[in-house]
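Trainee:
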Amino acid sequence: MARFVAVGAGRMGRGIAISFAYAGYRIALVDLRQRSPEAWSKLREEAMAEVRASLQGLVKLGALQPEQVEPIASRVELVDAAGAAAALAQAELVFEGVPETMEAKRDAFAQINRLCREDAILTSTTSSILVTQLAELVHRPERFLNMHWLNPAYLIPVVELSTHAGTNAEVVARTRALMEGIGKLPVVCGPAPGYIVPRLQALVMNEAARMVEEGVATAEEIDKATRFGMGLRFAALGVVEFIDFGGCDILFHASREMAGTIDASRYETPGIVTKMMEEGRLGLKTGSGFYEYAGKDTGAYRVDVLSRTLGMLRHAGLWRPPADKTLA
7 MARFVAVGAG RMGRGIAISF AYAGYRIALV DLRQRSPEAW SKLREEAMAE
57 VRASLQGLVK LGALQPEQVE PIASRVELVD AAGAAAALAQ AELVFEGVPE
107 TMEAKRDAFA QINRLCREDA ILTSTTSSIL VTQLAELVHR PERFLNMHWL
157 NPAYLIPVVE LSTHAGTNAE VVARTRALME GIGKLPVVCG PAPGYIVPRL
207 QALVMNEAAR MVEEGVATAE EIDKATRFGM GLRFAALGVV EFIDFGGCDI
257 LFHASREMAG TIDASRYETP GIVTKMMEEG RLGLKTGSGF YEYAGKDTGA
307 YRVDVLSRTL GMLRHAGLWR PPADKTLA
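The numbering of the sequence shown is the working numbering, which starts it at 7 and goes up by one.
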């Protein structure tokens, strides 16, 4: 039986299943709902068709060979309600991915609690319900955390692990190791709405929509600026690393200016930035910021950042060699 189980055969469950199957693992995609034979057959066919279509998309992009599709797809086992007990009884790691209502989550975890072994790690893929709320539904909350996948789940490496105060440190370590074992990059955050990525994304997307609304720029110009300006730089440096690299003072003054000219609440300077300004901890230029640079070869670090940025430029096809002659 599979070591891994995704409960809920919808889009997220299918993406998770592809991730494990691609990495060489068998995974059970379990549907807990009682269905007629006809309805179950339809769901199973739809789910496997989507799995194969996603893999075929990777073939078209040169990421897979055509002959690899079926061996990978065969590692995904569709399991109906009648087979759920056997599948969950063997599971080491379970991903709950039923619809985003507390009623649906409560029903799913009632069955998961009853059918899973005591040492199984239980996770929810919810994008909107706090881990502290869902932990109350779990028989042993110390083995529970939220796990937010970024779509497409089988392609984007980052998965966000949202823990609560009672989540066991060993459970977090095991979960990290299991996810790293399938090529993912787990990041940990506390029980906060929006995790890390959606919280940052929402601010950027709302501000872009406002600029279109205000006539600041067209959608096309904003997208060009974000893909090849902001996006390209943030693909080379993390957001907080970017603050340190440029200097906390730049963010402080830019925020103060835009708070006065655009919107005071949207651009209010965070207290931590004000405190760092007062302490002279401006980042790389002063040797301390969000990160510490004491004893670090800052020259080599700057070259590394330049290398990362140059790599992104080349990937985007935007790097141009120097002109071989002086132009008029």
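Note that beta-carbon positions come from the ideal geometry of N, C-alpha and C, so glycine has one too.
Does any residue of chain C have a CB that is nearer than 8 Å to the CB of Glu56?
Mentor: Chain labels in this structure do not include chain C; a single protein chain is all it has.
Trainee: Applying the criterion that 16 or more other CB atoms from any shown protein chain within 10 Å of the CB defines a buried residue, is His259 buried or exposed?
Mentor: Walking along the sequence shown from the start, residue 259 turns up at place 253. Exposed, by the Cβ-count rule.
Trainee: So, is His154 buried or exposed, given that buried needs 16 or more other C-beta atoms within 10 angstroms?
Mentor: Here residue 154 is taken as the residue at index 148 of the sequence shown, counted from 1. Flag for His154 reads buried.
Trainee: Have a look at the DSSP bridge pairing and note the partners of Cys195.
Mentor: If you number the sequence shown from 1, residue 195 lands on position 189. Answer by DSSP bridge pairing, in chain order: Ser168.
Trainee: Secondary structure at Val100, three-state DSSP: helix, strand or coil?
Mentor: Locating residue 100 in the sequence shown gives position 94, where the first residue counts as 1. Strand at Val100.
Trainee: Between Arg81 and Ile127, is the Cβ-Cβ spacing less than 8 Å?
Mentor: Translated into positions along the sequence shown, residue 81 becomes position 75. Translated into positions along the sequence shown, residue 127 becomes position 121. The answer is no: Cβ separation not under 8 Å.
Trainee: Measure the beta-carbon distance from Met54 to Ala92 and round it to whole angstroms, keeping in mind my assumption that it falls under 8 Å.
Mentor: The residue you call residue 54 lines up with position 48 of the sequence shown. The residue you call residue 92 lines up with position 86 of the sequence shown. Not confirmed; about 20 Å, so no contact.
Trainee: Can you tell me which of the three DSSP states Val144 falls into?
Mentor: Locating residue 144 in the sequence shown gives position 138, where the first residue counts as 1. Val144: coil per DSSP, three-state reduction.
Trainee: Given this structure, state the Cα-to-Cα distance separating Thr169 from Gly200, to the nearest angstrom.
Mentor: Position 163 of the sequence shown, counting from 1, holds the residue named residue 169. Position 194 of the sequence shown, counting from 1, holds the residue named residue 200. Taking the straight line from one Cα to the other gives about 13 Å.
Trainee: Could you give the distance in angstroms between the alpha-carbon of Gly187 and the alpha-carbon of Phe101?
Mentor: Numbered from its first residue, the sequence shown carries residue 187 at position 181. Numbered from its first residue, the sequence shown carries residue 101 at position 95. Near 16 Å, if we compare the C-alpha coordinates of Phe101 and Gly187.
Trainee: From what residue to what residue does the alpha helix (DSSP H) around Asn212 run?
Mentor: Counting from 1 along the sequence shown, the entry for residue 212 is found at position 206. Its alpha helix (DSSP H) spans residues 203-220.
Trainee: Since Leu49 contacts Arg41 with CB under 8 Å, what's their CB separation in whole angstroms?
Mentor: Position 43 of the sequence shown, counted from the start, is the residue given in the question as residue 49. Position 35 of the sequence shown, counted from the start, is the residue given in the question as residue 41. The pair is a contact, with the Cβ atoms about 7 Å apart (cut-off 8 Å).
Trainee: Is Asn152 helix, strand or coil by DSSP?
Mentor: Within the sequence shown, residue 152 is the residue found at index 146, counting from 1. Asn152: strand per DSSP, three-state reduction.
Trainee: Judging by CA-CA distance, which residue of Gln139, Leu206, Gly19 is the nearest neighbour of Val85?
Mentor: Taking the sequence shown and counting its residues from 1, the one referred to as residue 85 is at position 79. Here the closest residue by C-alpha is Gly19.
Trainee: Below 6 Å CB to CB, which residues in the same chain sit around Leu238 once its five sequence neighbours on both sides are set aside?
Mentor: For the purposes of this step, residue 238 is identified with residue 232 of the sequence shown, where counting begins at 1. Within the same chain, Leu238 has close Cβ partners Met318.
Trainee: What first and last residue would you give for the beta strand (DSSP E) that runs through Thr12?
Mentor: Counting from 1 along the sequence shown, the entry for residue 12 is found at position 6. Inspection of the sequence shows that residue 12 is occupied by Ala rather than by Thr. Unbroken beta strand (DSSP E) run through Ala12: 10-13.
Trainee: Can you give the Cα-Cα distance for Leu136 and Gly16, rounded to whole angstroms?
Mentor: What you label residue 136 is simply residue 130 of the sequence shown in a count that begins at 1. What you label residue 16 is simply residue 10 of the sequence shown in a count that begins at 1. Roughly 21 Å between the two C-alpha positions.
Trainee: Taking Lys111 and Leu151 to be in contact with their CB atoms under 8 Å, please state how far apart those CB atoms are, rounded to whole angstroms.
Mentor: Working through the sequence shown from its first residue, we reach residue 111 at position 105. Working through the sequence shown from its first residue, we reach residue 151 at position 145. Rounded, the Cβ-Cβ distance is 14 Å, inconsistent with contact.
Trainee: In this structure, how does DSSP classify Leu70 when only helix, strand and coil are distinguished?
Mentor: For the purposes of this step, residue 70 is taken as the residue at position 64 of the sequence shown. Correct three-state label for Leu70: coil.
Trainee: Could you tell me if Arg149 is buried or exposed, where buried requires 16 or more neighbouring beta carbons within 10 angstroms of its beta carbon?
Mentor: If you number the sequence shown from 1, residue 149 lands on position 143. Arg149 should be labelled buried.
Trainee: Counting pairs of Cβ atoms below 8 Å between the stretch 284-292 and the stretch 199-215, do you hit three or more?
Mentor: Touching, no.
Trainee: With DSSP run on the structure shown, which of helix, strand or coil describes Gly30?
Mentor: Residue numbering aside, residue 30 sits at position 24 when the sequence shown is read from its first letter. Coil, per DSSP.
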